[in-house]
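Peer 1: Can you read through this structure? Questions will come right after.
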Amino acid sequence: MVGNPVDTGNTAILVFGDLLTIQHLHSLQDSRIDDVSPSLRFQSLIPCHGWFHARIACADAIWRRHIKSSDVEHELSNLIKFITQIRPLEKHKIHTNPTFRQLHEVITHVGIVLRLDAWRVEVCRHHPEISSLEGWAQTNPEWVEILEIADELAEKLIATANIVEDDELEDTQHDKVFEITKAYHKDFILYEETAYAMNHGDIGCLDSCLVEWMIYFMGCGKVKYTQAVFHYLANMYVLYPKPLANAIQLNSLFNPTGRKDHFRGVDWVIEHNNLYIKRIFGGLGSNHTVDRMVEASPLIEVYKDVRIQFEQMFCLTHKTSRHSPPKMKLTFRKLQKYMEKYDTNIFIPGRETQNSLIDTNEIGTTKLMKTIEDARARRVAEQKTQERLKHEAEHAQEITQCPVESRETNETSESELQGNDEDQADEAEEDRLHDDRNLFVDDYLM
């Protein structure tokens, strides 16, 4: 809750949830829009996005572009082949209906190996006598040289300044496999930067990443998330007062454990509690009912505290706590050898591929601009309709007022005429009373 709790007109209640929760809240507020009281309109409820579900949407967008649309089995340098090297038993699951954890690990692990192989290629280009990153590390390179190579890699693999020049090249000078590899680099780094900002609680970096994701979502067909991100950015930087925007940004991510780099979205905590309520402490068999979940929900923290105390008493922390991260050294080496064998990060003119990617930047920008123009046209049409209705109402009001004014005018005229007649009658009566009739006598005598 933000604001003064005593003054109900100066209070904002932040409601965090996924996209469906926000839609339900907007629907509730729209249904009460005709109510006079702000409390009955639920005006104090401010919908806020849960960034855990936003990260799920980012992973799903990458899956739509790079995995779902990839149906070519004989291609040697596509993402499906990379997944086969590190997760051979989960290939079909990831290709058809993956979980968020699978997508997150695939994007992270393949991205790490892709960048390591790109560094190897660039280092070998600078130092032909060196064949691996380990050999280059033994030479103790200076920090300035590392920064120079990093800038060159960013310009070659991430920057989009030379897209027009690449489009003007002939087909024999194109390397479509390397172009897809550059798309992998850019999308994976964008996802990892977004995850890094969420884990570190850097809401400013997260907002800057959302600008890119807004276009990416539109290009991949996730229109609702595009609209949600657009409205969020507009509210934060245009519509909302600065104190309210700061309150939303400061409370969107928090650290439940207090450990470094362990910030989480509010919706993640809600899902975590749902896991304990529904699955772990929700009962089994006939006891797995809604009433049982409601009764046990206030005791979730007590149950967790009892479990932690038993772990510490019997020294079971290595068995019941979080597992250590997997050792991926051999798996990464296997994938790196595969990339080195098929020259994934090397530009080879004339190399063709049947795999095609969705141009999310162009398609997303075009759709977004069209949506904005349509919204602007609807806004202009609504304004014209409101002005027309206003003029019609004013004209109708003038018409209703005219008979009243004419009737008042007629009544005024009649009263004036009647008053004049009465005055003339009074004057005639006065003349008759004061007349000595001498005139008529003289006329008679003549």
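Numbering (UniProt numbering), first residue to last: 1 to 446.
Backbone N, C-alpha and C define an ideal beta-carbon position, used for all residues, glycine too.
Would TRP51 pass as a contact of SER356 if the rule is Cβ separation under 8 Å?
Peer 2: No, Cβ-Cβ distance for TRP51 and SER356 is not below 8 Å.
Peer 1: If you draw a straight line from the alpha carbon of THR139 to that of THR371, how long is it in whole angstroms?
Peer 2: Cα to Cα, THR139 sits roughly 55 Å from THR371.
Peer 1: Classify VAL36 as helix, strand or coil using the three-state DSSP reduction.
Peer 2: Three-state DSSP puts VAL36 in coil, outside helix and strand.
Peer 1: Please report the residue range of the beta strand (DSSP E) in which VAL15 lies.
Peer 2: Where VAL15 is concerned, the enclosing beta strand (DSSP E) stretches over 11-17.
Peer 1: According to the neighbour-count rule (16 or more other Cβ atoms, all chains shown, within 10 Å of its Cβ), is GLN397 buried or exposed?
Peer 2: Exposed, since its Cβ has fewer than 16 Cβ neighbours within 10 Å.
Peer 1: Check ASP256 in the structure and name its three-state DSSP category.
Peer 2: Residue identity check: residue 256 is Pro in the sequence provided, not Asp. Looking at PRO256 - three-state DSSP - the assignment turns out to be coil, as it is neither helix nor strand.
Peer 1: Return helix, strand or coil for LEU210, following the three-state DSSP convention.
Peer 2: Here LEU210 sits in helix by DSSP.
Peer 1: Considering only residues of the same chain and omitting the five flanking positions on each side of ARG432, which have a CB-CB separation below 6 Å?
Peer 2: Summary for ARG432: the model assigns pLDDT 48, below 50, so the residue's position carries little reliability; its value from the coordinates is reported in the next sentence. Cβ within range, chain order: n/a, list empty.
Peer 1: Starting from the C-beta of PHE310, find all residues in its chain whose C-beta is less than 8 Å away, skip the five residues before and the five after it, and write them out in chain order.
Peer 2: If we look at PHE310 and ignore the five residues flanking it on each side, its Cβ neighbours are LEU316.
Peer 1: I'd like the list of long-range same chain contacts for LEU76, defined as Cβ closer than 8 Å, with 5 residues on each side in sequence excluded.
Peer 2: These residues qualify, in order along the chain: TYR342.
Peer 1: Could you tell me the boundaries of the alpha helix (DSSP H) in which residue 513 lies?
Peer 2: Examination of residue 513 is not possible in this model, given that the chain is present from 1 through 446 alone.
Peer 1: With 16 as the cutoff for other CB atoms within 10 Å, does MET198 come out buried or exposed?
Peer 2: MET198 is buried by the Cβ-count criterion.
Peer 1: Beta-carbon separation of ILE67 and ILE107 under 8 Å?
Peer 2: No, the Cβ-Cβ distance between ILE67 and ILE107 is not below 8 Å.
Peer 1: Is the distance from the Cβ of ILE158 to the Cβ of ILE112 below 8 Å?
Peer 2: No, the Cβ-Cβ distance between ILE158 and ILE112 is not below 8 Å.
Peer 1: In the DSSP output, which residue or residues are listed as bridge partners for ARG307?
Peer 2: Note: ARG307 sits in no beta bridge, so no partner.
Peer 1: From the DSSP output, which residues share a beta bridge with ARG379?
Peer 2: None, per the DSSP bridge assignment.
Peer 1: Please classify GLY285: does DSSP put it in a helix, a strand, or coil?
Peer 2: Helix, per DSSP.
Peer 1: For the stretch 6-26 against the stretch 243-258, do three or more pairs of beta-carbon atoms, one drawn from each stretch, fall closer than 8 Å, so that the two count as touching?
Peer 2: Yes, they touch.
Peer 1: Is the beta carbon of VAL177 closer than 8 Å to that of ARG65?
Peer 2: No.
Peer 1: Among residues of its own chain, excluding the 5 on either side of THR226, which ones have a beta-carbon nearer than 6 Å to its beta-carbon?
Peer 2: Excluding residues within five positions, the ones whose Cβ falls inside 6 Å are MET214, PHE217 and MET218.
Peer 1: May I ask you to report which of helix, strand or coil DSSP gives GLY221?
Peer 2: Reduced to three states, the DSSP call for GLY221 is coil.
Peer 1: Among ILE203, ASP261 and LYS222, which one has its Cα closest to the Cα of LEU233?
Peer 2: With distances taken between Cα atoms, LEU233 lies closest to ILE203.
Peer 1: Report the residue from ILE56, TRP143, ASN255 and LEU116 whose alpha carbon sits nearest the alpha carbon of GLU134.
Peer 2: Per the Cα distances, LEU116.
Peer 1: Just how far apart, CA to CA, sit LYS367 and GLY221?
Peer 2: So the two alpha carbons sit approximately 10 Å from each other.
Peer 1: Use the C-beta contact count for ILE180: other C-beta atoms within 10 angstroms, 16 or more gives buried, fewer gives exposed.
Peer 2: The residue in question, ILE180, is buried, as its Cβ has 16 or more Cβ neighbours within 10 Å.
Peer 1: Is THR264 helix, strand or coil by DSSP?
Peer 2: Looking at the sequence shown, residue 264 is not Thr but Arg. Correct three-state label for ARG264: strand.
Peer 1: Out of VAL290, HIS272 and LEU79, which one is the CA nearest neighbour of LYS182?
Peer 2: The shortest C-alpha separation from LYS182 is found at LEU79.
Peer 1: What do you reckon, are the CB atoms on HIS26 and PRO47 nearer than 8 Å?
Peer 2: Yes, these two residues count as a Cβ contact at 8 Å.
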